Every structure is written in structure tokens, then in C-alpha cells.
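Top to bottom, those sequences are chains A and B. Under our numbering, the first sequence has 540 at position 43, and the numbering climbs by one with no breaks. Under our numbering, the second sequence has -1 at position 14, and the numbering climbs by one with no breaks. We put the beta carbon where it would ideally sit given N, CA and C, even for glycine. Small disclaimer: the values here were computed from a predicted structure and weren't measured. For reference, the structure is listed below as C-alpha cells.
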Amino acid sequence: MFEARLTSGKILKQLIEALKDLVQEANIDCSDDEISIQAMDNSHVSLVAVSLRSGGFDHFRCDRPLSLGFNATNMGKILKCAGNEDAITLKAEDDGDSLSMVFEGPNQDRIADFGEFARGARGSDSPPGSRREKCWKIDFNFATMRGVGVLVVIFDRKIYELKLMDIDSEQLGIPDTDYKVTIQMPSGEFQRIIRDMQVLGDTLSISCTKEGVKFGVQGDLGTGNVLIRQNAHAEKDEDRVMIEMEEPVELTFALRYLNFFTKATNLGPTVILNMSPDVPIVVEYPIGETGHIKYYLAPKIDE
Amino acid sequence: KKPQMRMDSFFSLK
């Protein structure tokens, strides 16, 4: 049995949004300590790694390790049905073939408001364990959701069942690495740089020197350069730019992938870039005290 | 033009 309740369900919504353009299918690996996802894009150029620690949930139970294979597009469709203020509970049986997702609105008063209406409403085909007189079940009829699962509404509690699948994903062992350069900067600023640079070309060079971090692109239209300097004493934490450098590093990357990574911008005010010569960059978005989403991107290298 | 590397070139399978 696996059960985990996240008061801030928005995190889960944003996480799936942040990986569904990169990864079609992946496993959610559940253990005592955390839920994690590791998956590569189809062409194995990039890798995404998610970790949400069990301590970040307000309820967490995982009796034995589970791998829940899911389709990211379908999960994204279901999570779109959760409000930004909703708490989300994930539930799975040890040998089940579906993941149950329960969305609860913040306004519990609505339960009373809808009581009479619901009793008189259509059918009362109650799911197991629910309060029979207070719920009803609707098969998915929305065109976009046909066949994805079943929706059960209990007033302001919605229960969705996502069909799970067996996924043979190739898991890469990523060693802990001391990187030569660590840059922390506002995630919104990073997103803007990536968006603007894409106008000019498809390859971005990131160069870190004593001067600061230089983002550069060369294309048919012309060239673009943005220099970010250390600003460790900005008034707000999230405005700070901090650069730790052991030695200068310059690497080049496909902007297409960096652009996918910036879909995680809403998860936090800060992004951390880790670089060493001739190895993948790590683009990390910390998620409060709960965990992180990290993207790894293989560089372009002279052979 | 520099060729694009793949993740498998850097990390091995678990």
C-alpha cells in the first residue's frame, strides 16, 4: 500500500507539466524516504530526475518499494482537473494497476452546500469505502479523457483513477559529482534568457569566468550575449545571483532542451546550474523544503 | 558544428 498526501497539490501539477514535454512515459518510484522519477527523453540527450522527500508530505505511507509506470500526458490531463489550491492524495495498492488521485478543495464548507443536490442527483454507484449517500460516479465522457480512467466526485473531493503501465525504463546511475562551477540565479531570469536566445539560434554557449556568467548564441540573424554578474547581497533571496567557481568552464548546449527545462520555472524562484568541463550540465529547481527537479543535458563536444 | 552527445556516453546503466 502506498499513500501520500500533499497539501500543496499544485507542486504535483507543476511537476508533471515540467516533464511531460520531455518524457512520455516514466515510473514513479515510491520508497520509505521519497517518491522519485528518473527518465530520459526519447533521444537520450537529456535526463530528468525528480525527488519529493516523504517529510514534505503531510501524510506518507509506503509499505514496500513500488514502481508506478505512468503516461505523462494522461497524468497531466487528470492533474489539470485539480485546482491550484487543492490537496492531492496519491494511492496505489501493492499489486494494483491504477493510481488513485484524490483532489480536495480548501473550502470544506462546500460539502454541506452540495449535500441535498447530490442525494437527488444521478445514480449512486458508490466506490468502495465511500459514504454511499454522499457520492456519485461518472464515467469519463470528455472526449479528451476517454479511456484514461474513471472520475468519482464526492462534493469537493474528486477521485480519479489513472491506469498504470509496465515501463522498462533504463535507469542511469548518476554519481555525486563536485562541479567546477555552481551558479544560483533567479529562475525567471534564466527562463527569459533561454527564451530570448532561441530567437537567434539553436545552440547556447554558457561560459563562466571571473567576470560572471556569459550566455551566448550565434545564428543567421546575428549574435546575442548576456552577462550575469554575481549579486550575492540582493535584498530578496530570490533575486540573488551567486557564482562559485573553481576554474573557468565553457560548454555549449542545444537550446531546444534548455527551453523544455524552463517549464519548471513555476516550481520555485531559484535555479541552480552546475557545470564541469565535458560533462552534462545539471539544471536544478529546488522545490521548497520538499525536494527538487533536476535536468541533465549532454553538451555538444568537439570530437 | 559540434556534435550532440548522449547521456549514455557519460553515465552507465544501473
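My understanding is that residue i touches residue j, with C-beta atoms under 8 Å, so please give their C-beta distance in whole angstroms.
i	j	result
A584 of chain A	S597 of chain A	So it is not a contact: roughly 14 Å between Cβ atoms.
K797 of chain A	V746 of chain A	Not really, about 14 Å apart at Cβ, beyond 8 Å.
T706 of chain A	N771 of chain A	Not really, about 16 Å apart at Cβ, beyond 8 Å.
A688 of chain A	T570 of chain A	The amino acid occupying residue 688 of chain A in the given sequence is Gln; Ala does not appear at that position. Rounded, the Cβ-Cβ distance is 23 Å, inconsistent with contact.
R(-9) of chain B	V542 of chain A	6 Å
Would residue i pass as an interface residue toward chain B - the criterion being a Cβ-Cβ separation below 8 Å?
i	result
V520 of chain A	no
M694 of chain A	no
T475 of chain A	In the structure as shown, chain A begins at 498 and stops at 800. Residue 475 of chain A is therefore absent and cannot be evaluated.
M772 of chain A	no
Y792 of chain A	no
F611 of chain A	Unreliable positioning characterises F611 of chain A in this predicted model, as indicated by a pLDDT of 31, which lies under 50. The coordinate reading is nonetheless provided below. F611 of chain A does not count as touching chain B.
H541 of chain A	yes
S516 of chain A	Just to set this straight, residue 516 of chain A is Leu in the shown sequence, not Ser. No, its Cβ sits nowhere closer than 8 Å to a Cβ of chain B.
P796 of chain A	yes
I691 of chain A	no
I725 of chain A	no
M662 of chain A	no
Q715 of chain A	no
M537 of chain A	yes
V776 of chain A	yes
L826 of chain A	The question about residue 826 of chain A has no answer here: the residues shown for chain A are numbered 498 through 800.
Q681 of chain A	no
E667 of chain A	yes
Report buried or exposed for residue i, applying the criterion of at least 16 other Cβ atoms within 10 angstroms of its Cβ.
i	result
M662 of chain A	exposed
I790 of chain A	buried
S564 of chain A	exposed
G674 of chain A	The residue asked about is misnamed: residue 674 of chain A is Thr in this sequence, not Gly. Result: exposed.
M498 of chain A	exposed
K(-14) of chain B	exposed
V599 of chain A	buried
V710 of chain A	buried
T720 of chain A	exposed
E708 of chain A	exposed
G552 of chain A	exposed
Whole angstroms is fine: what's the gap from residue i's alpha carbon to residue j's?
i	j	result
R692 of chain A	L752 of chain A	9 Å
S684 of chain A	K760 of chain A	10 Å
F567 of chain A	L659 of chain A	8 Å
D809 of chain A	V520 of chain A	Residue 809 of chain A lies beyond the range of chain A shown here (498 to 800); nothing can be said about it.
H730 of chain A	F(-4) of chain B	37 Å
L503 of chain A	L512 of chain A	13 Å
R607 of chain A	I769 of chain A	Per-residue confidence for R607 of chain A stands at a pLDDT of 38, beneath the threshold of 50, marking its modelled position as unreliable; no derived number is given.
I508 of chain A	L764 of chain A	7 Å
Q668 of chain A	K510 of chain A	24 Å
Q(-11) of chain B	E743 of chain A	26 Å
A609 of chain A	K655 of chain A	Because the pLDDT of A609 of chain A is 29, which lies under 50, any placement of that residue in the model is unreliable, and the number read from its coordinates should be weighed accordingly. Rounded to whole angstroms, A609 of chain A to K655 of chain A spans 16 Å at the Cα level.
| query | Touch check for the segment 773 to 782 of chain A and the segment 522 to 541 of chain A: three-plus C-beta pairs under 8 Å? | reply | no
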